[in-house]
Amino acid sequence: MKRVITLHINGETFELLVKTNETLLDVLREKLGLIGTKRGCDSGACGACTVIIDGEPVLSCMTLAVRCQNHSIMTIEGLSQNGQLHPLQKSAIEHDAVQCGFCAPGWLLSAKVLLDNNPRPTLDEVRTAIAGNLCRCTGYRKIEESILAVADGKVK
Amino acid sequence: MKLPEFEYVEPKTVRKACQLLKEHGDKAHAIAGGTDLMMALKNRLKVPEMLVDLGKLPHLNRISYADKEGLKVGALVSLRQLAGSAVVKEKYPILSRAALDVGNVQLQAMGTLGGNLCQDSLCLYYNRSSMLRQMLKPCHKLGGDVCHVVSRSKTCWATYSGDIAPVMLVFQAKVKIVDPEGEKIIPLNKFYSGDGKRPNIIKPGQILTEIQVPVPSPYSGGAYLKLRLRKTIDYPLLGVAVNLTMESAGEICKHAALALTAVERAPVLIEETGEFEGKKLNGEAIEKLAEAAYRHAHPLNNICELTPQYRKDLVKVYVKLAVQQALQRLTKGGGVA
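Heads up: the protein sequence lines correspond to chains A and B, in order.
Counting from 1, position 84 in the first sequence corresponds to residue 104 in this note's numbering; the numbering is continuous, with no gaps.
Counting from 1, position 192 in the second sequence corresponds to residue 916 in this note's numbering; the numbering is continuous, with no gaps.
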């Protein structure tokens, strides 16, 4: 069963034919080539597929694409603006918060939602915000430091 | 993981949604936030021919509060919306905190209050991959006639593991259920079936649309404590909710409510709390309350690596801790829980 849907992704509008049983992750990666969004566990446990829908962090592997019609979606490709990295991305590089990089698109977007709602979070609040994004390389310390550095205005 | 094929419909009214669910019976499944259902679909635990999307139903994403009627929350309100609501934080702070104890931020943003209350029960022998499932005879929950947890049992013992139900139970919440014939409001305590196979009484054609919570009493306080291993996606391995109302700023208890989750096939509201009413809630009384909760907890070896006895032992510890926290949070006369 197929259906034509309209998706608003990173400020662009796409009209596409999708199967009703395709997830947003399937469509982003396989139909639109937005492969920054990662397929990790594919079962809602790791957070690698996190995207932002209407300002909220959402697991794209657990979201049907047909349900995203007319919602505003941001993927990691939309985080930098006009060729300029987002402060969170700059800070991640400065703090060596990215090793293999598989979890980074997910936690960067979780961190963006956190800072959009709470510009000066505590360490505990940072930990809670990224608890849904598993990282098997860094031990989280550098990720937390890189997010807090942006909150403290140390990276702009 | 590919999802099975299904027909997808988006009814625009509750009435239409009920009709579709009734008409297609067990072949249709409702979807709200989807966090519970999507995994069941991916694992082929459920293979509905039709998915009825409740997401577009009007007016079910609202939170309202009135001084006489109390709180009304639409079933589609997300857990994150619930937790962040100013009126919920002010009047029912433990409800807000419990919503933030569910899974992680992403699951709170996607999951709805109605969906959380309707969450399916869990069992290691049911919630496993299709390959592993093939290694054992199908259990009751899979349509077979054996239980791999309680041998020779004729019923299913899957554990109810929702976080919000125990909190709603201690607040004496009610739920509105709509079907093609009309609507009814029932106490949440009557909503759970005690059957692991189908943990609630919702029948095909019925939709839980609203949760109603009475006005909090003056001199009351509450707590929800959750035992979990990872503080991320995990379900409670034990959850204890307490709501205490005192006669005044003193020690005399006017009303005590205590509920448990993840220790039975339904959330358990402890009935023995009545005997503490009008009495001092001192150390001895709290000990008795913990004993009563302990007797009603029947954790099984079907949700994780912690042994059932360990989880049962922690019931006493958590009840005492939760009561102490609730007493510390007692409000003055303002009616803030």
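All residues carry an ideal CB built from backbone N, CA and C; glycine is no exception.
Predicted, not measured: the structure shown is a model, and the values here were computed from it.
In angstroms with no decimal places, state the Cα-to-Cα distance between residue i and residue j.
i          : j          : result
Asp172(A)  : Arg140(A)  : 7 Å
Tyr916(B)  : Glu934(B)  : 16 Å
Lys176(A)  : Ile167(A)  : 11 Å
Val1039(B) : Ala1014(B) : 7 Å
Pro942(B)  : Gln1052(B) : 14 Å
Cys863(B)  : Lys770(B)  : 14 Å
Thr1055(B) : Tyr850(B)  : 43 Å
Arg161(A)  : Asp116(A)  : 10 Å
His753(B)  : Leu84(A)   : 14 Å
Ile698(B)  : Tyr816(B)  : Nothing in the structure corresponds to residue 698(B), since chain B is present only between 725 and 1061.
Cys69(A)   : Gly974(B)  : 52 Å
Gln109(A)  : Gly67(A)   : 18 Å
Ile910(B)  : Leu54(A)   : 47 Å
Ser63(A)   : Leu765(B)  : 10 Å
Val902(B)  : Asn1006(B) : 44 Å
Ala65(A)   : Ile150(A)  : 13 Å
Arg857(B)  : Lys792(B)  : 51 Å
Ile73(A)   : Cys977(B)  : 46 Å
Glu122(A)  : Gly159(A)  : Glu is not the amino acid found at residue 122(A); the sequence shown has Phe there. The straight-line gap from Cα to Cα measures roughly 14 Å.
Gly1059(B) : Ser820(B)  : With a pLDDT of only 45 at Gly1059(B), under 50, the local geometry of the prediction cannot be trusted, and the value read off the model is given with reservation. Whole-angstrom Cα-Cα distance: 16 Å.
Ile1027(B) : Leu866(B)  : 17 Å
Leu775(B)  : Phe730(B)  : 7 Å
Mind listing the chain A neighbours of residue i? Cutoff is C-beta to C-beta under 9 Å, in chain order.
i         : result
Thr759(B) : Gly64, Leu79 and Met82
Glu729(B) : Met21, Lys39, Thr40 and Asn41
Verify whether the separation of the beta carbon atoms of residue i and residue j is less than 8 Å.
i          : j          : result
Ala980(B)  : Ala965(B)  : no
Met21(A)   : Thr40(A)   : yes
Asn828(B)  : Gly152(A)  : yes
Val733(B)  : Leu781(B)  : no
Ser179(A)  : Pro77(A)   : The structure shown has nothing for residue 179(A), since chain A only spans 21 to 176.
Ile818(B)  : Val891(B)  : yes
Leu962(B)  : Arg1019(B) : no
Ser853(B)  : Thr883(B)  : no
His783(B)  : Gly794(B)  : no
Gly808(B)  : Ala756(B)  : no
Leu968(B)  : Ala1050(B) : yes
Glu996(B)  : Ala1016(B) : yes
Ala1021(B) : Ala947(B)  : no
Asp887(B)  : Thr985(B)  : yes
Leu841(B)  : Val899(B)  : yes
Lys746(B)  : Pro923(B)  : no
Glu35(A)   : Val24(A)   : yes
Leu27(A)   : Ile93(A)   : yes
Chain B partners of residue i, CB-CB under 7 Å?
i         : result
Ser130(A) : Val829
Val86(A)  : Tyr732
Beta-carbon of residue i versus every beta-carbon of chain B: anything under 8 Å?
i         : result
Arg156(A) : no
Glu164(A) : no
Gly159(A) : no
Asn41(A)  : yes
Met21(A)  : yes
Thr148(A) : yes
Which bits of chain A does residue i rub up against, with CB to CB less than 8 Å?
i         : result
Ile957(B) : Gly64, Ala65 and Gly152
Arg804(B) : Glu76
Since residue i sits in a beta bridge, which residues does DSSP pair it with?
i          : result
Asn1081(B) : Nothing in the structure corresponds to residue 1081(B), since chain B is present only between 725 and 1061.
Cys863(B)  : Val870(B)
Pro923(B)  : Bridge partners of Pro923(B): none, in fact.
Met94(A)   : Ile72(A)
Phe1000(B) : None; Phe1000(B) has no bridge partner.
Phe122(A)  : According to DSSP, Phe122(A) bridges with nothing at all.
Glu1008(B) : DSSP output for Glu1008(B) lists no bridge partner at all.
Leu953(B)  : Bridge partners of Leu953(B): none, in fact.
Thr26(A)   : Glu35(A)
Please confirm if residue i has its CB atom under 8 Å from at least one CB of chain A.
i          : result
Glu905(B)  : no
Gly963(B)  : no
Asp887(B)  : no
Met763(B)  : yes
Met725(B)  : yes
Gly1059(B) : Confidence in Gly1059(B) is poor, its pLDDT being 45 and thus under 50, which makes the residue's placement unreliable; the coordinate value appears in the next sentence. Output row for Gly1059(B): interface = no.
Ala833(B)  : yes
Closer than 7 Å by beta-carbon distance: list the chain A residues that pair up with residue i, in chain order.
i         : result
Lys766(B) : Ser63
Gly779(B) : Arg87
Mind checking if residue i is an interface residue toward chain D, Cβ cutoff 8 Å exclusive?
i         : result
Arg852(B) : The question asks about chain D, but that chain is absent: this structure's protein chains are A and B.
In chain B, which residues lie less than 8 Å from residue i when you measure between Cβ atoms?
i        : result
Thr70(A) : Gln830
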